[in-house]
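Line by line, the protein sequences are chains A and B.
Reading the first sequence from the start, the letters are residues 42 to 432 in my numbering.
Reading the second sequence from the start, the letters are residues 67 to 547 in my numbering.
Take a look at the structure below.
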Amino acid sequence: MSEILLKGIGIRKYFPIRGGVSGRTLGYVHAVDDVNITIYKGETIGVVGESGCGKTTLGRVVLDLIDPTTGALFYKPNESEMSQLEQLYSELTSGGARELKKEEKKILNTTKDNIYKSRRKKKDFRSRVQIVFQDPVSSLDPRMLIKDVIFEPIKINGIPVEGEDDNGKQKRVRLRGDAATKYILDIVTEMGLNEDHLFRFPHEFSGGQRQRIAIARAIAVKPEFIVLDEPTSALDVSVQAQILSLLKNLQQKYNVAYMFITHNLAVIRAVSTRVIVMYLGKIVEEALTDELFEYPIHPYTQALISAIPVPDPNFKRSRIVLSGDVPSPANPPSGCRFHTRCRFAKEICSTEEPKLKEIRTGHVVACHFAEDILKTESERTGIKKISEIAI
Amino acid sequence: MNKLVGEALVVKDLKTQFFIYDGVVKALEDVSFILKKGEVLGIVGETGCGKSVTAYSIMRLIPDPPGRIISGQIKMGDYDLIKGMDQEVDIILKKRPKIRHHNKMIKKNEYLYNKIRGRYISMIFQEPMAALNPVFTVEDQIVESLYLHSKTKILRVIKSASEHISDLQSFKDKGGITSELSGEVGVELQKIKIQKKGFESEGKHLEMLIDEATKYLAKKNKYDEMLKESIEVDSLEDSLFGNIGEEERARILKVLSKEAKKSHLTRLTKRLKKRNPDPVISEARREAFGLLESVNIPNAFQILKNYPHELSGGMLQRVVIAIALSNDPQILIADEPTTALDVTIQAQILELLRDLRKNRGTSIILITHDLGVIAEMCDRVAVMYAGNVVETAPAIELFHNPKHPYTIGLLQSIPRIDDPTKKLNIIRGTVPNLIKPPTGCRFNPRCQFAFDKCTVEIPPTIETSEGHTVACHLFSGKEVR
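In structure tokens, the structure reads:
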């Protein structure tokens, strides 16, 4: 696989719940709980899950927009170093204990390349990454002209030019005057807008156009990584198709990596190369897109895929309807977090937390019965591909 | 019984406009469709195409000002909901020509429609949180709907129950209640026990039942009168929507307009405030409990006492559905019922709607922008674009043989989970501004097949095959490009 762009190890984000007169901490919302994530150069990684599963929080922590409770984030790390660190970390956490151990914390906090801890790295990192938010209405300043909206990141960060300086930082130039105007105009035409639009305010645009402006703002500084936080959820299907194809073209041109956060599995299938499925702050399954949709193994993923309405009245399939709601992330169930809604749940599920295991090549699942499910599933459907691969 | 044959609702040439500062928004332009009995009709289209305005027009919930229904027919059975209302206004105006005060007029005007809303046609809204009142418990809100519309039903239940309880009273007098009650009384007692489940602890509840019954018996005459009165009103209202002559209808309207003076709502709020509510309310509470169980809410007794903010989105939507179904409506309008929900919860809600339709035979109008939901739920589909119905067809026909260029574009722009290799097609441009809609066919600026005639003439609606209608010049026969 291509070069690693970003690597996060042991990322946790707990939000305190405050209450009472003195505002003491009553508990924690476990928004993201012990997540390891790798993002490769130029790929699109899809993050999918129900509302409240921590996918947006993960996106923000990966961008260093909010401080994580613990965790380490590395930008373009050395691969051998990484595998060592990962090994060390997984050994420490192998007990499956919820509480963070001291040593663990130490390792994560003192590693020198950790972006969360190094101020110098932080600044460089932030000029290389961008985000597009879900709601294009609230993410644009209503009192700024579109030209200013797009110019602001260029003014602050400049745009990258070839080469790096002595400290490994990207060389950047700040554009001014006519050069800047021409640059902005180029970007805007690429987004399917024209010169007139530059001198309008955000409220004069439709939802789809606003989302185009938000994408233009993100792409203006030529980032290497963009987090797309539900960029099409507020849009109509026809506009959604426009935006998705725009994003695809931009990726081909600038070789930018996307983290595509959404609850819509059909969109994920259309755009992403790799998928992460999250449930209550944990990654439950991770695989390449085709692999995941053809052989979903985790019971949650199976239910999620079977719940999507397919626009074809003749399309028949067995449907798994999950009972009940997602439990509160402030007080997640013991053991496997999904066991309260799982149809395969047994005793072990409520006591022991499953670890992520590689079931097939590149297909990682956190379930005690992953092998059994894969076996029965391959027997039932008789897919040759599965039986050919030794488990 | 031919309950499932014929049309439940006919909408014809409906025209709704909004008069705002910038001009007149022509939100609906000659919208026509038919809802058959017991079917699910899907209405699909982009934001701003008039899906919700159609629903609101049927419910007469268009805010006036700025909105107004200009013309058209909405027929439920034989009764024209728009014309019928106007007739009623005429009657009131003839009687008291001096009434010019707007608010008063609306109040009178709305009386009949309040009877239709919630009882014959009810609606599920998109945002369940916004559809419920945050300061009342779930129970109060269900009871309100039941009390306003199903009083006859409730009074009948009370009557039958109280008769059996009075039998029990004599049992008690004879030497206490034994656990083994035989015969009809025993069976009835079991029924009441089930109804009362969760309301009182086992030991106490019989005593309380008897107390209640005694209280009720004391007021028996009053409730008998109420029952009689409400049966009368009910039968009058029911006959209004059947095949009756014009004169008869006018007579009934006259009688009913007297009813309008009594405000049920004030009566209800007074009663809800009382510490010991009268049997009508407590019976409605029992009914509410049953309703919540019928929409698969676990732990329904606790949920009844909760306020809306204490429940999750899926739960709230179930509560809203329970309220909508509380009076067994003939027509249910679901306006994007699952848009605000997660896919797994959406699957639950759709399953519920499917069951309800199977068990109760309600006709459903399902408004959504998700073609996947349409494919799973609907028998027939109407596609809307910029205030026009551009295509109607049976669901299978529409998905396999779409005719209108807009429908084709829409179907090709959805990412498919079953066929990821398919390339997404794009409809260029955006939805037009409805203050100045394009002349001729409203889709012509975005249509890839558009030719001269499209910008001049409004396309007629043509039936290409049975039940499949298209409004497009490509199919008008002569001038095929």
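Glycine included, C-beta positions come from ideal geometry on N, C-alpha and C.
Computed from a predicted model, the values in this text were never measured in an experiment.
Three-state secondary structure (DSSP) of residue i
| i | result |
| --- | --- |
| Phe266(A) | strand |
| Glu205(B) | helix |
| Leu106(A) | coil |
| Ile389(B) | helix |
| Gln175(A) | coil |
| Glu73(B) | strand |
| Met292(B) | helix |
| Pro243(A) | helix |
| Tyr139(B) | Per the sequence shown, the amino acid found at residue 139(B) is Gln instead of Tyr. Strand at Gln139(B). |
| Lys424(B) | helix |
| His145(B) | It is worth fixing the name first, because residue 145(B) is Tyr in this sequence and not His. Strand, per DSSP. |
| Ser364(A) | coil |
| Thr85(A) | strand |
| Thr505(B) | coil |
| Thr527(B) | strand |
| Ala413(B) | helix |
CB contact below 8 Å: residue i versus chain B
| i | result |
| --- | --- |
| Asp366(A) | yes |
| Arg360(A) | yes |
| Phe334(A) | yes |
| Gly249(A) | yes |
| Pro370(A) | no |
| Asp353(A) | yes |
| Glu91(A) | yes |
| Ala411(A) | no |
| His238(A) | no |
| Val325(A) | no |
Residue from the options whose Cα sits closest to the Cα of residue i
| i | options | result |
| --- | --- | --- |
| Thr110(A) | Asp74(A), Asp366(A), Ile302(A), Ser63(A) | Asp74(A) |
| Glu349(B) | Arg426(B), Ser98(B), Ile208(B), Glu105(B) | Ile208(B) |
| Leu302(B) | Glu291(B), Leu319(B), Asp485(B), Ile135(B) | Leu319(B) |
| Asn296(A) | Arg213(A), Phe266(A), Thr303(A) | Phe266(A) |
| Ile195(A) | Ile45(A), Lys223(A), Ile58(A) | Lys223(A) |
| Tyr145(B) | Met381(B), Ile430(B), Asp304(B) | Asp304(B) |
| Pro129(B) | Thr458(B), Gln83(B), Leu214(B) | Gln83(B) |
| Gln383(B) | Lys117(B), Glu193(B), Glu457(B) | Glu193(B) |
| Leu363(A) | Asn362(B), Pro374(B), Thr530(B), Ile389(B) | Asn362(B) |
| Leu540(B) | Val456(B), Ile135(B), Pro498(B), Glu376(B) | Val456(B) |
| Asn290(A) | Met232(A), Thr417(A), Leu397(A) | Met232(A) |
| Val190(A) | Arg382(A), Tyr116(A), Leu239(A) | Leu239(A) |
| Val71(B) | Arg508(B), Gly143(B), Thr120(B) | Gly143(B) |
| Ala93(B) | Gly114(B), Met381(B), Asp206(B), Ala461(B) | Gly114(B) |
Min CB distance residue i to chain A below 8 Å
| i | result |
| --- | --- |
| Phe367(B) | no |
| Pro481(B) | yes |
| Gln383(B) | no |
| Glu210(B) | no |
| Leu477(B) | yes |
| Ala413(B) | yes |
| Thr496(B) | yes |
| Glu417(B) | yes |
| Asp408(B) | yes |
| Glu105(B) | no |
| Phe509(B) | no |
Within chain B, partners of residue i - CB distance below 7 Å
| i | result |
| --- | --- |
| Tyr283(A) | The identity of residue 283(A) in the sequence shown is Gln, whereas the question assumes Tyr. What Gln283(A) touches in chain B: Ile492. |
| Asp277(A) | Glu112, Thr113, His435 |
| Ser286(A) | Leu490, Ile492 |
| Val308(A) | Pro481 |
Within chain A, the residues that residue i reaches when beta carbons sit closer than 8 Å
| i | result |
| --- | --- |
| Val439(B) | Pro350 |
| Gly380(B) | Asp366 |
| Ile462(B) | Pro354, Asn355 |
| Asp484(B) | Val351, Asp353, Phe356 |
| Glu442(B) | Pro350, Val351, Pro354 |
Closer than 9 Å at the beta carbon, the chain A residues around residue i
| i | result |
| --- | --- |
| Thr487(B) | Chain A residues near Thr487(B): none, gap ~10 Å exceeds 9 Å. |
| Phe571(B) | Shown here, chain B extends from 67 to 547; a query on residue 571(B) therefore has no answer. |
So, do the stretch 404–417 of chain A and the stretch 332–340 of chain A have three or more beta carbon pairs nearer to each other than 8 Å?
Contact between the stretch 404–417 of chain A and the stretch 332–340 of chain A is present, with at least three C-beta pairs closer than 8 Å.
If we count Cβ pairs, one from each stretch, closer than 8 Å, do we get three or more for the stretch 274–283 of chain A versus the stretch 73–93 of chain A?
no
Whether or not the stretch 373–392 of chain A and the stretch 466–473 of chain B are in contact is what I'm after, with contact meaning three or more pairs of Cβ atoms, one per stretch, closer than 8 Å; do they touch?
no
Does the contact criterion of 3 or more C-beta pairs under 8 Å hold for the stretch 89–101 of chain A versus the stretch 318–332 of chain A?
Yes: at least three Cβ pairs fall under 8 Å.
Count Cβ pairs between the stretch 96–110 of chain B and the stretch 72–79 of chain B that sit closer than 8 Å; are there 3 or more?
yes
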